[in-house]
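Under my numbering, think of the first position of the sequence shown as 9, with each following residue one higher.
This report refers to the structure that appears directly beneath it.
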Amino acid sequence: MSAEGAEDLDAETLETWRSRFVKSSKISAVMDAAIRTIFGAEARDLSALYFLMYLNAGGGLLSLSEVRGGAQQDRFVLGAQSISRALAEELGDALKLGVAVRKLVQSQDGVEAVSDDETLGGRYALVAVPPTLAGRIEYQPSVSVGRDQLTQRFAMGAAVKVLVTYERAFWREAGFSGEVVSSDGPLSVVYDNTSHDRQQPALVGFVVGSQARQWSAQPLADRKRRVVGALKRYFGEEAESLQEYHELDWGAEPWSRGCPVGGLPPGMLTHSFAHLRKPEGRIHWAGTEAATEWIGYMEGAIESGERAADEILRRL
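Below, the structure written as structure tokens:
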């Protein structure tokens with residue numbers, strides 16, 4: 009990072025940087041809701057430079073946070089997993105699922121991926137998991153100190169997805185879109201998640217940032233009461249008449265360890281970030297955190313994968 013002022017911006021948190029320029033408590037509250045939703049983190053957790061770089065990669069704060077015309081606009085009728093399933097069909101038997109790579113062993117001729125039950129070999133390896141998970145793989149020989157230090161500090165955001173279903177979309181009947189942005193919690197954002205055929209009315213909300221880190225430690229009855237209480241404040245008494253209540257805490261998921269993206273604290277972007285994409289011998293790196301555009305999004309994951317694949321193809 010050689011831009012003018014980069015060192016200074018990377019030397020402080022987003023919270024301290026913001027405190028000098030944003031004097032309105034209302035604006036700070038709206039920013040907090042956006043930061044928590046986009047990063048799953050608090051302003052105090054992030055480097056000011058990382059925040060600005062991330063926004064630049066996604067077209068700005070409004071582009072990342074808005075629904076209409078923004079990153080939150082579209083949903084997949086068959087679910088986002090339908091993309092992975094379609095790609096998997098093309099790969100056929102070459103794709104192995106449920107095989108956790110514990111170790112990557114490099115030699116002069118190739119790389120071996122070692123799991124609990126088998127070892128697979130190739131000329132090169134491409135690791136496309138969150139940096140914090142990549143850091144849990146054992147490497148022989150070891151990766152560089154710079155790479156190891158970076159993955160140790162690339163913390164995943166904290167997010168819990170909450171889905172509440174209803175018999176009627178009463179918020180639509182009242183003329184509401186179903187979208188809420190809140191700085192009070194426990195839900196930082198709420199969206200209308202009714203099925204495309206309108207047969208299943210639903211609201212989806214996200215507990216993010218510091219509240220998400222402690223969420224699953226609370227009794228389920230208390231969590232449900234807090235969520236329904238918030239929906240009642242937003243949409244009225246009918247929010248209490250729910251059909252089903254579901255949660256997913258991404259921090260408890262072994263193959264993500266958090267959501268929606270990894271974030272960097274001060275000092276790492278200007279000193280160690282180059283190691284995120286720099287190959288280590290025959291090992292190349294992808295994943296949405298390693299993107300240059302739309303970091304943290306599916307588009308970023310695709311962009312980084314194409315970049316890493318091109319690197320390997322050039323070597324072949």
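Using N, Cα and C, we set each Cβ at its ideal position, and we do this for glycine too.
Could you spell out where the alpha helix (DSSP H) holding residue i opens and where it closes?
{"i": "residue 255", "result": "Per DSSP, residue 255 belongs to no alpha helix (DSSP H); it is in the beta strand (DSSP E), 250–257."}
{"i": "residue 148", "result": "Here residue 148 belongs to no alpha helix (DSSP H); instead the beta strand (DSSP E) covers 146–148."}
{"i": "residue 277", "result": "Looking at the DSSP string, residue 277 is not in any alpha helix (DSSP H), and its letter there is neither H nor E."}
{"i": "residue 309", "result": "306–323"}
{"i": "residue 153", "result": "153–161"}
{"i": "residue 167", "result": "It is not in any alpha helix (DSSP H) - residue 167 instead sits in the beta strand (DSSP E) that spans 167–174."}
{"i": "residue 7", "result": "One cannot answer for residue 7 here, as it falls past the ends of the chain, which runs 9 to 324."}
{"i": "residue 139", "result": "139–142"}
DSSP three-state label for residue i, please.
{"i": "residue 291", "result": "strand"}
{"i": "residue 200", "result": "strand"}
{"i": "residue 181", "result": "helix"}
{"i": "residue 272", "result": "coil"}
{"i": "residue 30", "result": "coil"}
{"i": "residue 133", "result": "strand"}
{"i": "residue 21", "result": "strand"}
Using CA atoms only, rank isn't needed, just tell me which of the options is closest to residue i.
{"i": "residue 119", "options": "56, 131 and 154", "result": "131"}
{"i": "residue 219", "options": "72, 31 and 165", "result": "165"}
{"i": "residue 235", "options": "264, 195 and 227", "result": "195"}
{"i": "residue 313", "options": "198, 134 and 187", "result": "134"}
{"i": "residue 308", "options": "14, 67, 178 and 44", "result": "67"}
{"i": "residue 79", "options": "70, 212, 12 and 286", "result": "70"}
{"i": "residue 287", "options": "311, 74 and 319", "result": "319"}
{"i": "residue 244", "options": "185, 232 and 178", "result": "178"}
{"i": "residue 12", "options": "57, 102, 321 and 111", "result": "57"}
{"i": "residue 138", "options": "289, 270 and 88", "result": "270"}
{"i": "residue 116", "options": "22, 291 and 317", "result": "291"}
{"i": "residue 136", "options": "311, 323 and 322", "result": "311"}
{"i": "residue 180", "options": "104, 208 and 315", "result": "208"}
{"i": "residue 215", "options": "50, 21 and 92", "result": "50"}
Quick one: give me the first and last residue of the beta strand (DSSP E) that residue i is part of.
{"i": "residue 130", "result": "127–130"}
{"i": "residue 1", "result": "Nothing about residue 1 can be reported from this structure: the residues present for the chain run from 9 to 324 only."}
{"i": "residue 238", "result": "Premise fails: residue 238 lies in the alpha helix (DSSP H), 228–243, not in any beta strand (DSSP E)."}
For the region 54–122, which segments carrying the beta strand (DSSP E) assignment without a break, of at least 3 residues, lie completely within its bounds, in sequence order? 111–114 and 119–122
Tell me whether the region 167–184 and the region 196–206 touch, counting them as touching only if at least three CB pairs, one residue from each stretch, are closer than 8 Å. yes
Does the structure place the region 243–261 close enough to the region 275–285 that three or more beta carbon pairs sit under 8 Å? no
Taking 8 Å as the threshold, find out whether the region 149–156 comes into contact with the region 296–305 through three or more Cβ pairs. no
Tell me, please, whether the region 180–195 touches the region 29–44 by the rule of three or more beta-carbon pairs shorter than 8 Å. yes
Determine contact between the region 21–32 and the region 230–250, defined as no fewer than three beta-carbon pairs at a distance below 8 Å. no
Could you say if the region 226–243 and the region 15–31 meet the contact criterion of at least three C-beta pairs nearer than 8 Å? no
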